[in-house]
Amino acid sequence: MLYYPGCTVKATAIEYEKSALGILKEFGINVIELERWICCGIYHGLTVDTAYQTVAPMRNLIWAQNQAEKLSIDNNYLLTLCSMCYNTLKSAHLRYINDENIAKRIKAFLNDESLYKGNIKVIHFIQILNEIIGYDKIKEKLVNPLKGLKVVPLYGCMLLRPNEIAIDNPENPQIMQNLLHILGAETINYPYVNQCCLSYLVTKRPYLVWKRADDITNSALDKGAKLIVTTCPLCAYNLTEGQKKSFGSVKLPIFYESELIAYAIGKYEYLKKDRLNMLENILKGV
Amino acid sequence: MSGYPPEFRESIKIIEETREERLKITPPRVPLEEKEELLRKFHPDYKKEAKRQIKIGAGKGEYAPHEVANLLEAHSFLYMNALSNGVEIDLEDPDFDVDVLIIGGGGGGATAALWALYNGIPADRILLATKLRFGDANTKMAQGGIQAADREYDSPIIHFLDVMRGGHYTNDPDLVRILVTSAPFIIKWLEELGVMFDKEPDGTMIEVSGGGTSRLRMHSAGDYTGLEIMRTLMDEVLNREIRVLEFSPAVELLTDDEGNIAGAVLMNLETEQYLVVRAKSTVLTTGGFGRLHIQGFQTTNHYGATMDGVVLAYRVGAEIRDLDSVQYHPTGAAWPLQIAGQLVTEKVRSLGAQLVNTAGEAFVYPLEPRDIVAAAIIRECEERKKGVITPVGTCGVWLDSPMIEIIRGEGTIERYLPAMLRQFRRFGIDIRKEPILVYPTLHYQNGGIKINTNAQVLGNGGRPIGNLFAAGEVTGGVHGKNRLMGNSLLEITVFGRIAGINAAKNARNTNVGKLSLKHVYRWEEMLKEAGIETNVVAPMILPDYKGDIKFR
Amino acid sequence: MPGTVETIKDTKLVEGKAVEGVLGAGKKLVTIYVMGKWYQVPAGLTITKALEYLGYRLVRGVGCRAGFCGACTTLWVKKNDYKLYSGLACQTMVEDGMYLVQIPFVPAEKRIYNIEELEPNGSVVLALYPEVTRCIGCNACTKVCPQEIQVMDTIQEIIRGNIAKAARMAFDCISCGSCSLRCPAEIKHFYVFQLVRRLYGKYIAPKAKHLEKRVKEIEERKYDGALDRLIRAGPDKWRELAEKAQKDEEVET
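Protein chains in written order, with numbering that gives the first Met the number 0: chain A, 0 to 285; chain B, 0 to 551; chain C, 0 to 252.
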């Protein structure tokens, strides 16, 4: 299937890409990176004009569609790792097929390029694990159960809101916990499970973001968590930087779910060395 | 649809029909004994009637093309437009008071500015004045590359010999020595500034040959070596916050009461106000004379290449050399007229394209030296009448570019000559399928004002003129009577640096006296004494193309 | 239509026999509007030449006249066409019904930096030019680029930190500024590209070791003796040795 990486994954979350793509390969899913792609368009998520924010994601969808046709890929899936990209691309797709007015304006604006036919299925990494591979298959390959490891999941907001694109129940998501249980870890309930990390406010009002990171971390620490699990590179970035600001160092490490899977199924080659060491140290202390 | 007019059809057909046969042959080299005659009869430099002796100044008695002599024997722009009309130039209260004034914003000027700064002159004590935008210069247009002997198989000594041979041993050997021994240092400096030279994955420079160079020594940055060097130097000058004054050409130098140079009068091209700059050191990096269209030739040069620096220096007594020698690039575009005279790089010939006349004959070995190829093309047009006559009456011969695709495989042109392909495609000509019509074009001012190894401008009897420096095409001596490809980018950076260093040194030990324009009044008297009657006013600043459609 | 313009046109046609059939266009004239003003010029002229033919003396909006310097950015629209076109005046032929204006200057400010203190990564570029992240992917930049650079994609490579790729993609940029004039995110592409290229040239591209070696040799005066002797020896010796060098033979001094 086609794969849309996104800027943050390429810039600050290479460990996520490495582990996630590695796992997909383990489970027989062949991933092809888009030949051409641009920022998903998240920066413009708050513009008043919805047509405006649809242009960038629409280009990505058009390029995905053209490449799928060229390579005769008929499943039309477009994989994203980043929650932000998932949200932006999926929303744009829905806006385009559901809102005639927007579609008309987009067509007029992009009149020099190919038309979007509306059949790209934007899919997030967790959904692939859950719906296409199946958690049972993952269980079969388990060699290092994460026994006794207490973790808190952090969905962030982008996978769950708005309702139309949510990958699970926005108020009480379970998709990550279910997988973590299969890996042998223990998940802890805490109030921040679907809380927003404040995303790009980090560029404009960083102190708010540091405060939020502080709240999330302290709450998880109070409940005895040894690490935070996420699938969103921006959540990971904000929490890591926030902890450094508040505590001087990272008190509660943030791991991508894919890294834990790679470890649990014994595929260390998909982990960055320092990340593997860090994880092993945490498990030793359990 | 072809961008060529229907008249060309017949002759293109002959080129196509003879191509297969021609692929099998290498056109003969011109025998040594015929070379002299070919040049004498057809090379524009050898046309006696195109030159005359200069009647005035330090170069009195020397030969120069009429277009050059006209400017050297011209009235002062400042005198005619201001001084003689009672427009006052206030020399008591200069608009700028600096340590180093650099006139000319090309590669030489930018280099001089940076090296003056490196040698202790604060950025706000340097002023770089330029006629158009900063960086608008022939430097940007240099496609070929920059020479430096930096490999095991090469040495500065061999580079020296190549330069001398190229210049027919008329060069100033001491200047050439500096050129070749500074070359590796200059490339390293540019590399450290961030110039994207073409390199192998391990960092080894990719070096190719150029006409007249006996070793692979040509460093390049794609098709845009000059552009890449120029924009990097500009970026650094701006980062260092050196003051740059655009659209302000110099119209006259200033002297002090002892006759040393003390700055210049500039003119704001937009408001036409005069600006007085007092400077302890003045550096001329104004470039050459392509836009004088000597003998009516088209040119490869920038709009501003009007020889202003030579004119200004000549009026304060600078000696000149080799101004009688003009470099014509053999292959300028002859069609379409929109790009007439624009460079068709030597690379087209080195990749295998032959020069062919209307009879389908490859009449000259394509990699003969530039002057020989140029003369041979002119012979086809003038004597043998085997050139293509265009609808405007100009002439050209075919450069059979489709041969490249046959010899080196389809796609070669797209890969190695992308700029050229784009250029002609804009006018409906696909050079992969159709030949290019070419004719020699005015390319370079081989000579200029004399300098010594400290880049000081030399006056009467070879003595340096106080506080005046120069570098680049404005000067003569480095290339003698013929420059080799890849040595002009080198010259401007090597001598720009030397000029910058020495201008800085000089500024520390100089106190400028009372500013004066005496030499301008004196010049006007000299014109009268010499009996010169002329309407020409110089510096020219910009060519006048109002109503013109002949020159690109 | 103003009669004076006709006069200019007619004089030129008579005077310059050249105009006849010049540029393969016969006597055909096309109508252009220079900053709104009506003129007729021979078909086939470039915009630069058309302006000069009409008597304009160009100071701004003109430079190398060969497509290298980016000084002659021109914007135009055509009759019955809503699109705003852009190109280099020296490389673009006039078309019938063109409403054009030369852009004398593209407003943009270069950020000041010390290249010695930078690191070759995306954050450095974004710190100096934060507006780069405002790219909305509209692609207006790419559409107007006379150098056929994938401008938007290059900006996107910078956002994701791929400096090396961006530098190569932006190599042909001539800083004409057409892209920046059209950019809704107000990015000044040519300055951003300049920074990226220098970061690549200085930090990412591997250094040429042979260059360092030769510079050191020259500093240690390795060639001085030989050059002294050679220069003293005079033209006959130079000629002899130069011919040897041409034949790829060893040269001994």
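C-beta: ideal position from N, C-alpha, C; glycine also. Nothing here was measured: the structure is a model prediction, and the numbers come from that model.
- Judged by DSSP secondary structure, B:Cys-394 falls within the beta strand (DSSP E) whose first and last residues are 394-398.
- For B:Lys-527, the uninterrupted alpha helix (DSSP H) run begins and ends at 517-528, by DSSP.
- Residues of the region 2-21 of chain A with a C-beta less than 9 angstroms from any C-beta of chain C: Pro-4, Gly-5, Cys-6, Thr-7, Val-8, Lys-9, Ala-10, Thr-11, listed in chain order.
- At least 8 angstroms separates the beta-carbon of A:Leu-145 from that of A:Leu-178.
- Excluding the 5 residues flanking it on each side, B:Thr-110 has same chain C-beta neighbours closer than 7 angstroms at Leu-232, Ile-491, Thr-492, Gly-495, Arg-496, Gly-499, in chain order.
- The alpha carbon of B:Ala-147 has as its nearest neighbour, out of B:Ile-371, B:Leu-488, B:Gly-295, the alpha carbon of B:Leu-488.
- Of the residues C:Tyr-112, C:Arg-181, C:Leu-57, the one whose Cα lies closest to the Cα of C:Gly-86 is C:Arg-181.
- With respect to the C-alpha of C:Cys-68, the residue from B:Leu-71, B:Ala-63, B:Glu-32, B:Arg-132 having the closest C-alpha is B:Arg-132.
- Beta-bridge partners assigned by DSSP to C:Ser-85: C:Leu-74.
- Proximity of chain A to C:Asp-223 at the Cβ level (cut-off 8 angstroms) is not reached, the minimal Cβ distance being about 51 angstroms.
- For a Cβ distance threshold of 8 angstroms, residue set Leu-210, Arg-213, Val-214, Ile-217 of chain C lies close to B:Pro-183, ordered along the chain.
- Of all residues in the region 51-65 of chain A, those with a C-beta nearer than 9 angstroms to a C-beta of chain C are Tyr-51, Gln-52, Val-54, Ala-55, Pro-56, Met-57, Arg-58, Asn-59, reading in chain order.
- Around C:Thr-45, the beta-carbon contacts reaching into chain B at under 7 angstroms are Gln-337.
- Among the residues facing chain A, C:Asp-152 is included, as its CB has a counterpart in that chain under 8 angstroms away.
- For B:Phe-468, the uninterrupted beta strand (DSSP E) run begins and ends at 463-469, by DSSP.
- Taking 8 angstroms as the CB threshold, C:Ile-135 lines the interface with chain A.
- If you ignore the 5 residues before and after A:Tyr-189, its C-beta comes within less than 7 angstroms of the C-beta of Val-151, Ser-218, Ala-219, Lys-222, all in its own chain and listed in chain order.
- The closest CA to that of C:Glu-94, considering only C:Arg-56, C:Arg-59, C:Glu-248, C:Leu-28, is found on C:Leu-28.
- Within the region 228-271 of chain B, the runs of beta strand (DSSP E) that reach at least 3 residues and sit entirely inside it are, in chain order, 242-244, 249-254, 260-266.
- Here the C-alpha atom of B:Glu-379 lies approximately 6 angstroms from the C-alpha atom of B:Gly-386.
- Taking a cut-off of 8 angstroms for Cβ pairs, the region 270-280 of chain B and the region 81-101 of chain B touch, as three or more such pairs fall below it.
- The C-alpha of C:Glu-130 lies about 31 angstroms from the C-alpha of C:Gln-90.
- The C-alpha of B:Leu-215 lies about 21 angstroms from the C-alpha of C:Lys-215.
- Not one beta carbon of chain B lies nearer than 8 angstroms to the beta carbon of C:Gln-149.
- DSSP places B:Ala-136 in the coil class of the three-state scheme, outside both helix and strand.
- In the three-state reduction of the DSSP assignment, B:Ser-280 falls in the strand class, which pools E and B.
- When DSSP states are grouped into helix, strand and coil, A:Ile-227 belongs to the strand group.
- Flagged as an interface residue toward chain B: C:Asp-247, by a C-beta distance shorter than 8 angstroms.
- With respect to the 8 angstroms criterion, B:Val-310 and B:Leu-126 are not classified as neighbours on the basis of their beta carbons.
- Taking B:Gly-512 as reference, the option from B:Arg-424, B:Gly-465, B:Leu-237 with the minimal CA-CA separation is B:Gly-465.
- Residues of chain C with a Cβ closer than 9 angstroms to the Cβ of A:Gly-284 do not exist, since the nearest Cβ in that chain sits about 34 angstroms away.
- In the displayed model, A:Leu-153 falls within a strand according to three-state DSSP.
- Contact residues of the region 69-99 of chain C toward chain B are Ala-70, Gln-90, Met-92 (C-beta to C-beta distance below 7 angstroms).
- Inclusion of A:Ile-72 and A:Leu-1 in the CB contact set at 8 angstroms is warranted, their separation being smaller than that value.
- Excluding sequence positions up to five before and after A:Phe-254, its CB lies within less than 6 angstroms of the CB of Leu-226, Val-228, all in the same chain and listed in chain order.
- Secondary structure of A:Met-0 (DSSP, three-state): coil.
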